[in-house]
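**Student:** Would you mind keeping the following structure in view while I ask a few things?
Protein chains in written order, with this note's numbering: chain A, 73 to 355; chain B, -9 to 388.
Written out as structure tokens, the structure is:
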């Protein structure tokens, strides 16, 4: 019989990893839902940001959270640049999947060229600090990831629901022609939104660098779970990917803790299939 | 003067000299040995040690005239720790680079890929880290990591013997293992041995090679709280799991690591007291043979220059060096670069290498298991069992 400590420790682990899935899925789902772009390059941005965070920390001792000040605008601009190029070709969602897959493979090759295929591990004070809640031990780097995921989901919710730009983005996604008739500049909005999505990818990258060992080949290992988080929730939603990510993270952690680590992906994806089958179809 | 006889003589001597010159040029031509190594990727931390050891062997051998008077030229390609790429590279080495001989890559999966190519082309393949002897069915494959035909039985038995000799009497064991082929094979064997020797199995877990999240595995190990933790690890997995255990304030009493990257483990305070296997460590009695002093000195220098965390000449460089010694012994013994003749000689003879006296007359060309138990003591790996190979004065530490 597993102890309460084991279950609680695994739950903590599941919430952490699930928050990270949700954070990655947040930008991916926004782009998919509002821009109609299935942007695999989102993972490329996240890993590029993770490696830059690692480099800044290793070479110059820059605090990973401080790196966000530099990375968020940088990746915002990169995302806008990519959107400016892709929007010129008016590609379909399926074409965007293929195009951005190619770009992500190019980013993987670039990472390998600069940092080699070797594992890289960033050391930081956040990794060493622990918080004890009874018999459960929590790591500060993991708590930062959870806090950042919830904060960014809240910020995105506020942007989409409480700002004119957010409402305009939703309107343009709903019906671009009508939105334009009401004076909404859909192209400018799409650039801004793409910038937001890439900036969110950069935030996820910092969290990956804080808590995981990096290797270029790992880019694609995150694709399945992040897509699952987006698909289990709702597209263009602020909270859905986060909650779906936590459900996946918890199911993985509990499977590892109570059954076997090798079963974890199977359980998570079975859950996805079941939810997709049972979920009511929306118009 | 009639010039005709002179010209005839000149032409005749040219005809005679030309093949001789060709033969001499052929004899001086370097002998090209091709291999891949995981110079990047998850196995790179260990493979770099193989590369340095191989370069030293070739350099020292070339100083004494190479093999049969021909200098050795090593063509090494990066397989990025990927077995599928290793297969392609070995095809390229044979068909494109047209190398004369082959040397194996690092790690079991890559070696298995290379073995298929070697077999198709009837080339001798000396491996230096192949971990599943039962799969090495190619009759011209020779293992440089000398672990006997049944390491799944011999290694865990040696571990338990070491613990017993060190005054420990474990009652329970938790086994966690990567599903990397050679690792899971040995862990499954260990599971049976532990059962036969009366240890209660507190936990058995497997993870996929490349697993990201070790937190729940660490939590289960803490929960199991076994006397011995068998960690079937390869590459960085040991350090990842130790970090995850440290996060939740768990430190196993006895922890054995199968094939970890030894350097980072040696430098990590989390790994103090870790047990593992080895065929060579840089201390007496292994270093008693003066013939290897120069190779060891050079390795220490170059490992430091390459910023390796551990510069000691240990299991990995020793196995790599032994691999090259095996191929060299085959060439010298058979007096030939012909793969079949080299293979026949290796099977029929015994000879000395840096890791000991080798034979390849057993099943699948395997001989004895030369694995000994080493422990990380004060940041340094030392052999603690069996006593005739232990560092003088060293004992298993609790």
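For each residue, glycine too, the CB sits at the ideal point set by N, CA and C.
If we count the other Cβ atoms within 10 Å of its Cβ and call it buried at 16 or more, is residue 353 of chain B buried or exposed?
**Tutor:** When all chains shown are included, residue 353 of chain B counts as exposed.
**Student:** Should residue 98 of chain B be labelled buried (16 or more other beta-carbon atoms within 10 Å of its own) or exposed?
**Tutor:** Burial call: buried.
**Student:** Determine the burial state of residue 75 of chain A: buried for a count of at least 16 other Cβ atoms within 10 Å of its Cβ, exposed for fewer.
**Tutor:** Residue 75 of chain A comes out exposed.
**Student:** With a threshold of 16 other CB atoms inside 10 Å of the CB of residue 233 of chain B, please say whether the residue is buried or exposed.
**Tutor:** Its Cβ being crowded by 16 or more others within 10 Å, residue 233 of chain B is buried.
**Student:** When DSSP labels each residue in this structure, what does residue 367 of chain B get in the three-state scheme?
**Tutor:** Residue state, collapsed to three classes: strand.
**Student:** Residue 325 of chain A versus chain B: which residues are under 8 angstroms apart at the beta carbon?
**Tutor:** Ordered by position in chain B, the residues that pass the 8 angstroms Cβ test against residue 325 of chain A are 203, 205 and 206.
**Student:** Against chain A, with Cβ distances strictly below 7 angstroms, would residue 239 of chain B count as a contact?
**Tutor:** It does: the Cβ of residue 239 of chain B has a partner Cβ on chain A nearer than 7 angstroms.
**Student:** Use the C-beta contact count for residue 369 of chain B: other C-beta atoms within 10 angstroms, 16 or more gives buried, fewer gives exposed.
**Tutor:** By the 10 Å Cβ count, residue 369 of chain B comes out exposed.
**Student:** Verify the CB distance criterion: does residue 89 of chain A have a CB-CB separation below 7 angstroms to chain B?
**Tutor:** Yes, because at least one Cβ of chain B sits closer than 7 angstroms to the Cβ of residue 89 of chain A.
**Student:** What's the gap between the Cα of residue 192 of chain A and the Cα of residue 234 of chain A?
**Tutor:** When rounded, the distance between both Cα atoms is 41 angstroms.
**Student:** Would you grab the beta carbon distance between residue 152 of chain A and residue 267 of chain A for me? Rounded to a whole angstrom, and I think it's under 8 angstroms.
**Tutor:** Between residue 267 of chain A and residue 152 of chain A the Cβ distance is about 4 angstroms, and since that is below 8 angstroms, they are a contact.
**Student:** Just the Cα atoms here: how many angstroms apart are residue 355 of chain A and residue 245 of chain A?
**Tutor:** In this prediction, residue 355 of chain A has a pLDDT of 48, which is less than 50 and means its spatial position is unreliable; what the coordinates show is noted afterwards. Taking the straight line from one Cα to the other gives about 15 angstroms.
**Student:** Is residue 110 of chain B close to chain A? Criterion is C-beta to C-beta, closer than 7 angstroms.
**Tutor:** No - not a single Cβ of chain A is within 7 angstroms of the one on residue 110 of chain B.
**Student:** Per DSSP, residue 137 of chain B forms a beta bridge with which residues?
**Tutor:** Looking at the DSSP assignment, residue 137 of chain B forms a beta bridge with B/359.
**Student:** Pairs of beta-carbons, one from the stretch 90 to 105 of chain B and one from the stretch 20 to 27 of chain B, closer than 8 angstroms: are there three or more?
**Tutor:** Flag = yes, the stretch 90 to 105 of chain B and the stretch 20 to 27 of chain B touch.
**Student:** How would you write the range of the alpha helix (DSSP H) that residue 309 of chain B sits in, first residue to last?
**Tutor:** Element bounds for residue 309 of chain B: 305 to 324.
**Student:** Roughly how far, in whole angstroms, is the beta-carbon of residue 298 of chain B from the beta-carbon of residue 268 of chain B, given that I think they are within contact range, below 8 angstroms?
**Tutor:** About 17 angstroms; that fails the 8 angstroms criterion.
**Student:** Does any CB atom of chain A fall closer than 7 angstroms to the CB of residue 292 of chain B?
**Tutor:** It does not: the Cβ of residue 292 of chain B has no partner Cβ on chain A nearer than 7 angstroms.
**Student:** Name the two residues that bound the continuous beta strand (DSSP E) containing residue 245 of chain B.
**Tutor:** Start and end: 244 to 250.
**Student:** Quick check on residue 110 of chain B: does DSSP put it in helix, strand or coil?
**Tutor:** Helix at residue 110 of chain B.
**Student:** With distances taken Cα to Cα, identify the nearest neighbour of residue 141 of chain B among B/333, B/252 and B/119.
**Tutor:** Of the candidates B/333, B/252 and B/119, the one whose C-alpha sits nearest the C-alpha of residue 141 of chain B is B/119.
**Student:** Could you tell me which whole beta strand (DSSP E) segments of length 3 or greater appear in the stretch 145 to 179 of chain B?
**Tutor:** Complete beta strand (DSSP E) runs here, min 3: 162 to 168.
**Student:** With 7 angstroms as the threshold, decide whether the Cβ of residue 334 of chain A is near any Cβ in chain B.
**Tutor:** Closer than 7 angstroms: yes.
**Student:** Would you verify that the beta carbon of residue 196 of chain B is, or is not, closer than 7 angstroms to some beta carbon of chain A?
**Tutor:** Residue 196 of chain B counts as touching chain A.
**Student:** If I measure Cβ to Cβ from residue 335 of chain A and keep anything under 6 angstroms in the same chain, skipping five residues before and after, which residues do I get?
**Tutor:** Only 327 meet the Cβ criterion.
**Student:** With DSSP run on the structure shown, which of helix, strand or coil describes residue 296 of chain B?
**Tutor:** Three-state result, residue 296 of chain B: coil.
**Student:** Tell me the DSSP bridge mates of residue 273 of chain B?
**Tutor:** In the DSSP output, where bridge partners are listed per residue, residue 273 of chain B has none listed.
**Student:** Count Cβ pairs between the stretch 348 to 367 of chain B and the stretch 118 to 135 of chain B that sit closer than 8 angstroms; are there 3 or more?
**Tutor:** Yes, since at least three Cβ pairs between the stretch 348 to 367 of chain B and the stretch 118 to 135 of chain B fall closer than 8 angstroms, the two stretches touch.
**Student:** Can you give, in chain order, each stretch of the alpha helix (DSSP H) that sits fully within the stretch 238 to 326 of chain A and has at least 4 residues?
**Tutor:** Here the runs fully enclosed are 248 to 253, 258 to 283 and 295 to 304.
**Student:** Mind pulling the chain B residues with CB within less than 7 angstroms of residue 284 of chain A?
**Tutor:** Near residue 284 of chain A (Cβ distances below 7 angstroms), the residues of chain B are 202.
**Student:** Taking CB distances under 7 angstroms as the criterion, tell me whether residue 308 of chain B reaches chain A.
**Tutor:** No - not a single Cβ of chain A is within 7 angstroms of the one on residue 308 of chain B.
**Student:** Taking three-plus beta-carbon pairs below 8 angstroms as touching, is the stretch 268 to 284 of chain A in contact with the stretch 113 to 120 of chain A?
**Tutor:** Flag = yes, the stretch 268 to 284 of chain A and the stretch 113 to 120 of chain A touch.
**Student:** I want to verify the contact list: residues of chain B whose CB lies under 7 angstroms from the CB of residue 328 of chain A, in sequence order.
**Tutor:** Near residue 328 of chain A (Cβ distances below 7 angstroms), the residues of chain B are 206 and 207.
**Student:** In terms of alpha-carbon separation, which member of A/338, A/82, A/265 and A/96 lies closest to residue 154 of chain A?
**Tutor:** Of the listed residues, the one whose Cα sits closest to residue 154 of chain A is A/265.
**Student:** In the DSSP assignment, what residue or residues form a beta bridge with residue 57 of chain B?
**Tutor:** For residue 57 of chain B, which the question treats as bridged, DSSP gives the partners B/60.
**Student:** Just checking my contact of residue 209 of chain A with residue 237 of chain B at CB under 8 angstroms: how many whole Å lie between their CB atoms?
**Tutor:** The Cβ separation is near 6 angstroms, so the contact holds.
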